[in-house]
Structures are given as C-alpha cells and as structure tokens.
Amino acid sequence: MPASLRRSLLATLLLSGTLACLPQPARAADYPTRPITLVLPFAAGGGGDVLGRMLAENFSGRLGQPVIVENRPGAGGVIGTQYVARAKPDGYTITIGGMTTHLLAPIVNHSVQYDPLKDFVPIGGIGNSPIVMLAANDFPATNIAELKALEAKRRQPLQYGSWGPGSTGNFCGEILALKAGLRIEHVPYRGTTEVITALIGGQIPVGFVDMATAVPQVRGGKLKALALCTKPSPSLPGVGGYVDQGIDFDRALSWVMYAPAGIPAPVLQKLSDALAAALRDESVRDRLLSLGIEPGFVPSAQEHDILKRDYASWKQIADEARIQMQ
764 MPASLRRSLL ATLLLSGTLA CLPQPARAAD YPTRPITLVL PFAAGGGGDV
814 LGRMLAENFS GRLGQPVIVE NRPGAGGVIG TQYVARAKPD GYTITIGGMT
864 THLLAPIVNH SVQYDPLKDF VPIGGIGNSP IVMLAANDFP ATNIAELKAL
914 EAKRRQPLQY GSWGPGSTGN FCGEILALKA GLRIEHVPYR GTTEVITALI
964 GGQIPVGFVD MATAVPQVRG GKLKALALCT KPSPSLPGVG GYVDQGIDFD
1014 RALSWVMYAP AGIPAPVLQK LSDALAAALR DESVRDRLLS LGIEPGFVPS
1064 AQEHDILKRD YASWKQIADE ARIQMQ
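As numbered in our numbering, residues 764 to 1089 make up the sequence shown, in order.
So, in structure tokens, the structure goes:
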C-alpha cells in the first residue's frame, strides 16, 4: 500500500475515532432527534396525569419531537419512578414527581430501590398544589370539628383513603390523627382516581387527593371538601385549611420534572428551558391555576437544594407521626 494511501486511511480512522469519542455536549446539539417518553407514575385521569399530558403537548411543539405519555402507576408512584431511575440518562425518558415519589416514599418505604438525591436530577420545579380532604356529599361532617365529633361516637376507627403508603395524602391523614387526636385507619389505593371512585362508591368515608384531582369533583357536585392541608385556596372558596381548623400543619404538594442522573448538561438545559418557557405561557398558567396548581418555575440546582432541605424536614414529620409502611 502506498505511503500516501496509508496516511490517508490512518487519518480517516483517527477522525472516526475522534467523532465517536466526542463528549456528549457536542452530540447534544441536535437533541432531540426522536420521540421523548414522559413516564407518569400516576393513574390516568388524576391531577398528575392531567398536568403531565398538558406539559407533554406543550413540549412537543417546543422541542420539535413528540412527547409520549406513559402511565406507570402503583405503590404511591414508586413503580413508575423506579422505572425512570433505571432508564438511560439520554434525555429520552423523563418523569414528573413530587413529595410522594422523591421524599416521602423513600423515607418510609425501605424497599424503594432508588435514591432521590443521587439517581435523579431535577429538570425544574413546576408548581405547588394543596392536598384536599374529600368526603361524599351525604357524609355527616363538613369540617374537622364535626369530623372529630362524629369520630368520637364511633366504635371503630374512621377509615381514610390516599394514593398509597408514604404518599402526601397518607402524611396528611396521619398528621390529622396525631394533632386532632382522631382514631383513623389508612386505606391505600394505587392512585388518586381510585380514591375518588372509592369515595363516590361509599367504600371509604373520607380521602385525601391533590387539588388538581379534587377541584373537578367538588365543582361538579360529586364530592365535598372538608379541609385543605395548607392555607385556604381560591380554587375551593369557603374550605378551611388545617391551621384555620386548629391543626398546626401547612404543607403543599410540589410538582417537579425529573430526568435520570447522568443526563448530559446541554440536554438538561434544553429540557429546563422548555419547561421554563411552558410555565411562562399564559394558557398553561391559566390551566394550572384552574386545577389549583400555583405555577412557578424553579431552576434545577435550586430545586435540588430544596429537595435536600425538605428530606430532613419530612423525615422529622414521619418520625413524629410514626408513619411507616403498612
């Protein structure tokens, strides 16, 4: 082989190797080149599902590729979240979670096989939503004081539903029991839509769901709200918060978009920019507000710091209320 040909071939091979070994940021410039999967660890039809599908549609237009929603509910959101933790960190599998999936379940459920601080990176915070205590319209109590009076006359503990052990709804129920001196028993379901079905069907007397799930049920006259686990909200006028009703507790559910840890920085930035832009969109903001979600973008690094701070805070609450897997 002539020397010139050998040199040309060697140069070609070296160039090919260089391209193959280019750092991920160089390749990330073209992201995304195929559909993105948004895994929702919630059942279809609930507030988290509505939120996820709305953002998926908005992202599709901004990123130029379809964002496909895939529901993987169960275990208070752990099943779907665990799936994403094991996904390839290339930006093509992302999720939406919150306090249940990334704080509470890992605190009380020792079988959770992911570390929320090490296995995920926040794309950005989306907003906050109160947790609502609902009851059937014919339930004989309309607030916490009446609930306490009713429970005092019962022989058996009052049952309440939530979307799983370690969920924010589970915490709200146990905090109520602790601070109001109620005898209550937790009935876990796979998602908020199952809690709604159980309430309407009379299987449980009260249940806790997120505001986005509660608002259509209350406004549609199917169920009534007894309390919010936060301060009162204009989304449900006339409904008192825990503090207003003598319960020293005020916590909302935080919605956050996550990617698996190890995602290339430029890809993370593109997703973060898309989320920030979506939350500036007036139509998106209006829709979120109508669901009782207060929109507010939080950058990735700041959201990670919030997660670290809140983990310690919620661990203390879990210990105080003696919340654990059933």
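Backbone N, C-alpha and C fix where the C-beta goes; we use that ideal spot for every residue, glycine too.
> Distance, Cα to Cα, I857 vs E820?
Replying inline: 14 Å
> Under the rule that 16 or more other beta-carbon atoms within 10 Å means buried, what is D1082, buried or exposed?
Replying inline: exposed
> With distances taken between CB atoms, is the gap from V981 to L991 smaller than 8 Å?
Replying inline: no
>> Here's a check: name, in chain order, each residue in its chain whose Cβ is nearer than 8 Å to the Cβ of A1041, leaving out the five neighbours to either side.
In response: L818, N821, F822, R825, V1047
>> Below 8 Å on the Cβ atoms is my contact criterion, and I expect E886 with A1022 to pass it. Report the Cβ-Cβ distance as a whole number of Å.
In response: The question names Glu, but residue 886 is Ile in the sequence shown. Contact flag correct, Cβ pair sits at about 6 Å.
>> Among the candidates D1044, S1017, D1073, whose CA atom is the shortest distance from the CA of G888?
In response: G888 has its Cα closest to that of S1017, out of D1044, S1017, D1073.
> So the alpha helix (DSSP H) S1046 belongs to, where does it begin and stop?
Replying inline: 1045–1053
>> For V847 and P903, I'd like the C-alpha separation in whole angstroms.
In response: 43 Å
> In chain order, which continuous runs of the beta strand (DSSP E) of length 3 or greater are located wholly inside the stretch 941–1017?
Replying inline: Segments of the beta strand (DSSP E) lying fully in the stretch 941–1017: 947–951, 969–973, 986–991.
> Below 8 Å between beta carbons: does that hold for D1007 and P997?
Replying inline: no
> Going by the beta-carbon positions, is the gap between A838 and L897 smaller than 8 Å?
Replying inline: no
> Do the CB positions of I967 and Y1005 come within less than 8 Å of each other?
Replying inline: no
> In terms of DSSP beta bridges, what is G888 paired with?
Replying inline: V1019, V1061
> What is the DSSP secondary structure of S925, counted as helix, strand or coil?
Replying inline: S925: strand per DSSP, three-state reduction.
> To which residues of the same chain is A1084 closer than 6 Å at the C-beta, ignoring the five residues directly before and after it?
Replying inline: E937, I938, L941
> Terminal residues of the continuous beta strand (DSSP E) containing A868?
Replying inline: Looking at the DSSP string, A868 is not in any beta strand (DSSP E); the run it does join, the alpha helix (DSSP H), is 868–871.
> Would you call the stretch 858–869 and the stretch 1031–1039 touching, i.e. three or more CB-CB distances under 8 Å?
Replying inline: no
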